[in-house]
Amino acid sequence: MPDTIVVWTSFLFGVVAMIVSLMSFAQSARSAQRDSYQAVHGMLTDLTTGDVEDARNVLGILRYGVGNWQAAITCSGVVEGYYTVKWALERTAYGLDSLSVAGRRIQRSMAEAVTWHLQELVTTLSTLRAAISRDLADDAS
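Numbering (the numbering used here), first residue to last: 2 to 142.
What follows is the structure in structure tokens.
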């Protein structure tokens, strides 16, 4: 009889330990997902506010030729905007890499929100780089 009590007590403690372990695992998974959301939100905020927002505005005016754009931008503003956006893209790429290295899955909608901005900025920088290269080649000849 005492052996039966020991067996049942051990079994009960084992079940309790397994339940606590599963609860801890679930909490860890929720925390990792929340951290991923916060990281992607931070990247999106970096791409759409502050100095990057101002730089995107300058580059967008130049790219799309909005309004009286010649009076709205300066050469130094374009250079500053170019590097501000370029460095923001590098920070975002590093952030996305760190999320995938950590084994966290980014929800599709979060990835799409960041991806649109990345594609737009890369296209803008590529367009401007090609235009500047043409202008420099024309000036050299």
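By construction, the Cβ of each residue, glycine as well, lies at the ideal position given by its N, Cα and C atoms.
### Query
What first and last residue would you give for the alpha helix (DSSP H) that runs through I74?
Annotation for I74: no alpha helix (DSSP H) segment contains it, and DSSP assigns it neither H nor E.
### Task
Look at the alpha carbon of I133 and the alpha carbon of G43, and state the distance between them as a whole number of angstroms.
Linking I133 to G43 through their CA atoms gives a straight-line distance of about 31 Å.
### Query
By the 10 Å Cβ neighbour count, where 16 or more other Cβ atoms means buried, how is A1 classified, buried or exposed?
Summary: the structure shown does not reach residue 1, with the chain confined to residues 2 through 142, and so no result is reported for it.
### Message
Once the 5 residues before and after T128 are set aside, which same chain residues still bring their CB inside 8 Å of it?
### Response
Answer for T128: R64, listed in chain order.
### Task
For D47, count neighbouring Cβ atoms within 10 angstroms of its own Cβ and tell me buried if that reaches 16, exposed if not.
Answer is buried; the Cβ neighbour count reaches 16.
### Message
I need the straight-line Cα distance from G61 to Q28, nearest angstrom please.
### Response
When rounded, the separation of the alpha-carbon atoms in G61 and Q28 is 43 Å.
### Message
Quick check on T116: does DSSP put it in helix, strand or coil?
### Response
In the structure shown, the three-state DSSP call for T116 is helix.
### Query
Going straight from the alpha carbon of S32 to that of D140, what length do you get?
Rounded to whole angstroms, S32 to D140 spans 56 Å at the Cα level.
### Query
With a CB to CB cut of under 8 Å and the five nearest residues on each side skipped, what residues in its chain are close to V123?
Taken in chain order, the residues that qualify are L90.
### Query
Can you name, in chain order, every residue of its own chain whose Cβ lies under 8 Å from the Cβ of T125, other than the five neighbours on each side?
Excluding positions up to five away in sequence, the list reads R57, L60, G61, R64 and V86.
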